[in-house]
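All residue numbers for the sequence shown refer to my numbering, where the first residue is -3 and numbers rise by one. Following: one structure in structure tokens, then a few remarks.
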Amino acid sequence: MVIATPDVSSLPAASSLASENSSNTTKRAIVFMVASLAFFALMDALVKDLGTRYSTMQLVFFRSLFAFVPLGYLIYRTGWADAIKINNYTGHALRILVGVAAMFCFFYAFAHMPLADVVAISFAAPVFVVALSVPLLGEKVGPKRWTAVLIGFAGVLIMVNPGAGILDPVAVIALIGTVFFALAMIALRKLGRTESGASVVFTFTLACTALSGLALPFVWITPDLQDLALLIAIGLLGGIGQIFMTFAFKHGDVAVVAPFEYTAILWATLLGFVFWGEIPGLNIWVGVAVVMLSGLFILFREANLKLPRGHARRLQTKR
């Protein structure tokens, strides 16, 4: 019996196959990231619409409770043992407190400001992370990154436009939410050393549901069937967006995937214009451009320095 040997001369080399697979994986990661931001944008639009009829705390409750539907499936696939295992109770508590505060501030701002304006202000989070990492993490920041931080702060000032008169209090709330979000990212850096991603996501979502649920007796407004469906959709969209973002950072390098987070401003601008006729002012576009340049420089600078930030980003969602 003669065993025929296939002609492999026309087959691609192993290195070419590896390169092609790597390229496909990167493309898949980018698609996951853009899709996650689309889901978050739809969720934000629902928050803006329902925020005029229901309290922010009630919106946070539905966002957290029904996020368990898609997140529960993800945790089931990865294993419940990791989800319920906690090594750093203090770290989880701090992450929960600043995370809930950030979500509350963003949800309130979405209900009272144009969508794109809030998203633009939230882009300043990496700038605050670098500034706060010095006193909180003891990290050393060189002159180049400090320059990027100062430029980022200038972009924030352009967006909130304090020279136009009395500073908009809602813009201040969005800015405070961004600071809380930056603190949450820093907390995640520490948690990433000892905790699994499933544990961080599960404990935060559970605690957020419980904390917002405690306030429900004081703020509850019974929704009709249509609004109830929209409230449930907030949680489902947020949970799916979080899963997609997790997949994006799992399959792609942070330096490649993270810049696509800035497409959030496009989704927010589109939805804001279609449903509310909102058009961001010139100061928003100029400010967000400055903040984006600052954020991208910080991102690639940290990637080159190989700082331990990628793991934290995979666990994080700001809304």
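In this text, a Cβ means the ideal position worked out from N, Cα and C, and glycines have one as well.
- Straight across, the Cα-Cα distance linking T21 with R49 is about 43 Å.
- Close CB contacts of A37 within its chain, under the 7 Å cut and outside five residues either way in sequence, are with A260, W263, A264, L267 (chain order).
- For the pair M241 and S32, the CB atoms are nearer than the 8 Å cut-off.
- Contact between D78 and A194 holds: CB atoms are separated by about 4 Å, below the 8 Å threshold.
- M109 sits in coil when the DSSP states are folded into three classes, being neither helix nor strand.
- The Cβ-Cβ distance between F124 and Y258 does not fall below 8 Å.
- Here the C-alpha atom of I230 lies approximately 28 Å from the C-alpha atom of K81.
- The alpha-carbon separation between M181 and L278 amounts to approximately 30 Å.
- Secondary structure at S192: coil, using DSSP grouped into helix, strand and coil.
- Secondary structure at E274: coil, using DSSP grouped into helix, strand and coil.
- For the alpha helix (DSSP H) assignment, the uninterrupted runs of no fewer than 4 residues enclosed by the region 28 to 63 are, from N- to C-terminal side, 52 to 61.
- The three-state reading of DSSP puts D249 in coil, since its state is none of H, G, I, E or B.
- Within 10 angstroms of the beta-carbon of D220 lie fewer than 16 other beta-carbons, which makes it exposed.
- Between the region 171 to 189 and the region 124 to 136 there are three or more C-beta pairs closer than 8 Å, enough to call the two in contact.
- DSSP, reduced to helix, strand and coil, places W142 within a helical segment of the structure shown.
- Taken through DSSP and simplified to helix, strand or coil, F119 comes out as coil.
- Shown here for Y104: same chain residues with a beta carbon closer than 7 Å to its own, the five before and five after excluded, namely T52, I169 in chain order.
- Judged by beta-carbon spacing, V282 lies beyond the 8 Å limit of I92, meaning their Cβ atoms are not closer than that value.
- Burial of A25 is indicated by the presence of at least 16 other C-beta atoms within 10 angstroms of its C-beta.
- Assigned with DSSP and collapsed to three states, V175 falls in helix.
- DSSP, read as helix, strand or coil, puts G134 in coil.
- When the beta-carbon positions are compared, I280 and A41 stay at least 8 Å from each other.
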